[in-house]
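Some notes on the structure that comes next.
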Amino acid sequence: MAILNSFVNDIFERIATEASKLASYSKKSTISSREIQTSVRLILPGELSKHAISEGTKSVTKFSAGAGK
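Quick note on numbering: my numbering labels position 51 of the sequence shown as 58, and the sequence is numbered without any gaps.
Structure, rendered in structure tokens:
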């Protein structure tokens, strides 16, 4: 279980680091969903990035719809 936890933490850290770099390149002080999606495309290979972006978008949409209740 510790190995899986380490793997997930590593992926999140890589995505956050890449998103931070992208935001600083465009002189922005906040990280938006666009930077996160671009980071995922850069870090995860091919089909895996497509599924990650699809599931992430679906989760954010579901969360946003429930937040108004």
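Idealized CB from N, CA, C, for every residue including glycine.
Model, not experiment: these values are computed from the prediction.
| Query | Result |
| --- | --- |
| Three-state secondary structure (DSSP) of Ile43 | helix |
| Backbone CA spacing between Glu62 and Ala74 [nearest angstrom] | 18 Å |
| The stretch 42-56 contacting the stretch 16-34, beta-carbon criterion three pairs below 8 Å | yes |
| Nearest-angstrom beta carbon gap, Ile50 and Ile22 [assumed within contact, 8 Å] | 6 Å |
| Three-state secondary structure assigned by DSSP to Leu29 | helix |
| DSSP three-state assignment for Lys34, whether helix, strand or coil | coil |
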